[in-house]
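Trainee: Chains as they are written, first to last, in the working numbering: chain U, 16 to 149; chain Z, 16 to 149. Every residue gets a Cβ at the ideal spot worked out from N, C-alpha and C, and that includes glycine. Here's a structure for you.
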DNA sequence: TTTAATCCTACACGCTCTATAGGATTAACG
DNA sequence: CGTTAATCCTATAGAGCGTGTAGGATTAAA
C-alpha cells in the first residue's frame, strides 16, 4: 500500500501539471483544489524539490512548478522519492538493494518470484506519467 | 514492501510443501531449517491455520501441515492473510475495498492507474504458488 | 515596510511491526 | 498414569514509522 505522502503528492502534481508553463503555483492555490494539511504538503513538495522534480520561487508571487514536462515524470520516480522501494523485497530492489542475510539469491525461489512482481509493477509505473494522471 | 510475516511464512511454507503428505511437521523442525524466532513463527502459523491454509495436530508427534497441495496455494492468498491488500490503494482493492473520500472513482486518474498496478501484481501473485517456491 | 510566499528543523502522537512471555491444553508413549 | 512434546491463546512491550504540527528564518514583490 502507498502511504499518504505519494497520494497527496499525486494530487498536487496533477494540479501543477495542468498549470505547467504558467509560472509558479503557491501551496495555498493547490490546497484550494485539494483540501489537505498545508504544512504536510509543504514537507512533501520540499522533498520533491530536493529531488529535482519541482522547482520553486520564494517570496510574494512565488510557488512551485514542474522542472520537466508532465510526460517525462513517471509515477515510479515519485513513489521512490516519497515511499522508497517499489520492489516487494530489498534483495530484488533496483534502487534500494540490500543483501538478504538468510537466502542465497541464486537458488532462492522467493527472490525470483518477487523480481517478477517488481517487473510487473515497473512495467506500469515506469511508463505511466503525470500526463496520464490528468 | 512485504513485512516480515509473509517473508517468514514463505520460508516455513517452503519446508511444509516439501514435507507434504508425510504427516505434521513441528515448529522445532522448521526453525532448524530456517533460523528465526519460534514464538513469532508460532503466531504466523496460527494465523495461517485460522485462514484454512494449514492444519495442525496438538500433542507429541503433532505439528503443522498444508491442507491443500502446494500448487493450489497462491502467493496472493498468503500475502492477503498476513499483510492485507495487494492493491496500492484501498479504493482499488478487490478484497479490502474502501471508498476513498476525496476522489471520485469514475474520473480519478490515479484510481485507474493503480488498478493497472494491482492487475500487474495479481497476474504474478495469483498464478505463482508454493510449488514455484521450491 | 508590508505582505506573501518558501525554507528549515525539530518534535509529538499514535499505530503498526516485531516480536516476547507465560501459561493452558492436548496427545503420544512407556 | 506421569512425562514429554507439541500446539493454542492472550496479553503486552519496545522500537520505529507514518502523519502530521510548531515556530520561526529567509526571500522577494509591490
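1) Count the C-beta pairs between the segment 55–75 of chain U and the segment 90–104 of chain U that are closer than 8 Å, then say yes if the count reaches three, no if not.
2) In its own chain, which residues sit with a C-beta less than 7 Å from the C-beta of residue 111 of chain U, not counting the 5 before and 5 after it?
3) CA-CA distance, residue 91 of chain U and residue 35 of chain U?
4) Quick one: which chain Z residues come within Cβ less than 8 Å of residue 135 of chain U?
5) State buried or exposed for residue 215 of chain Z, treating a residue as buried only when at least 16 other CB atoms are found within 10 Å of its CB.
6) Under three-state DSSP, which class holds residue 99 of chain U?
7) Can you confirm whether residue 86 of chain U, when its beta carbon is compared against all beta carbons of chain Z, has any partner nearer than 9 Å?
8) Could you list which residues in chain Z have their beta carbon closer than 7 Å to that of residue 55 of chain U, in chain order?
9) Please classify residue 149 of chain Z as buried or exposed, where buried requires at least 16 other C-beta atoms within 10 Å of its C-beta.
10) Identify, in the order they occur along the chain, each residue of the same chain with its Cβ nearer than 7 Å to the Cβ of residue 130 of chain U, setting aside the five sequence neighbours on each side.
11) Mind pulling the chain Z residues with CB within less than 8 Å of residue 80 of chain U?
12) What separation, rounded to the nearest whole angstrom, lies between the Cα atoms of residue 132 of chain Z and residue 25 of chain Z?
13) Should residue 76 of chain Z be labelled buried (16 or more other beta-carbon atoms within 10 Å of its own) or exposed?
14) Between residue 80 of chain Z and residue 89 of chain Z, is the Cβ-Cβ spacing less than 9 Å?
15) Going by DSSP, what residues sit across from residue 64 of chain U in a beta bridge?
Mentor: The structure says:
1) These segments touch.
2) Close CB contacts of residue 111 of chain U within its chain, under the 7 Å cut and outside five residues either way in sequence, are with 99, 100, 105 (chain order).
3) Straight-line Cα distance between these residues: approximately 20 Å.
4) By Cβ distance, chain Z contributes 135, 136, 138, 139.
5) Outside the shown range of chain Z (16 to 149) lies residue 215 of chain Z, about which nothing can therefore be said.
6) DSSP places residue 99 of chain U in coil when its eight states are reduced to three.
7) Closer than 9 Å: no.
8) Per Cβ cutoff of 7 Å: no residues; residue 55 of chain U is ~14 Å from chain Z at best.
9) By the neighbour-count rule (16 or more Cβ atoms within 10 Å), residue 149 of chain Z is not buried but exposed.
10) Once the five neighbours on either side are set aside, the close Cβ partners of residue 130 of chain U are 107.
11) In chain order: nothing, as chain Z lies at least about 20 Å away.
12) The C-alpha of residue 25 of chain Z is placed about 23 Å away from the C-alpha of residue 132 of chain Z.
13) Under this definition residue 76 of chain Z is an exposed residue.
14) No, Cβ-Cβ distance for residue 80 of chain Z and residue 89 of chain Z is not below 9 Å.
15) Partner(s): none; residue 64 of chain U has no beta bridge.
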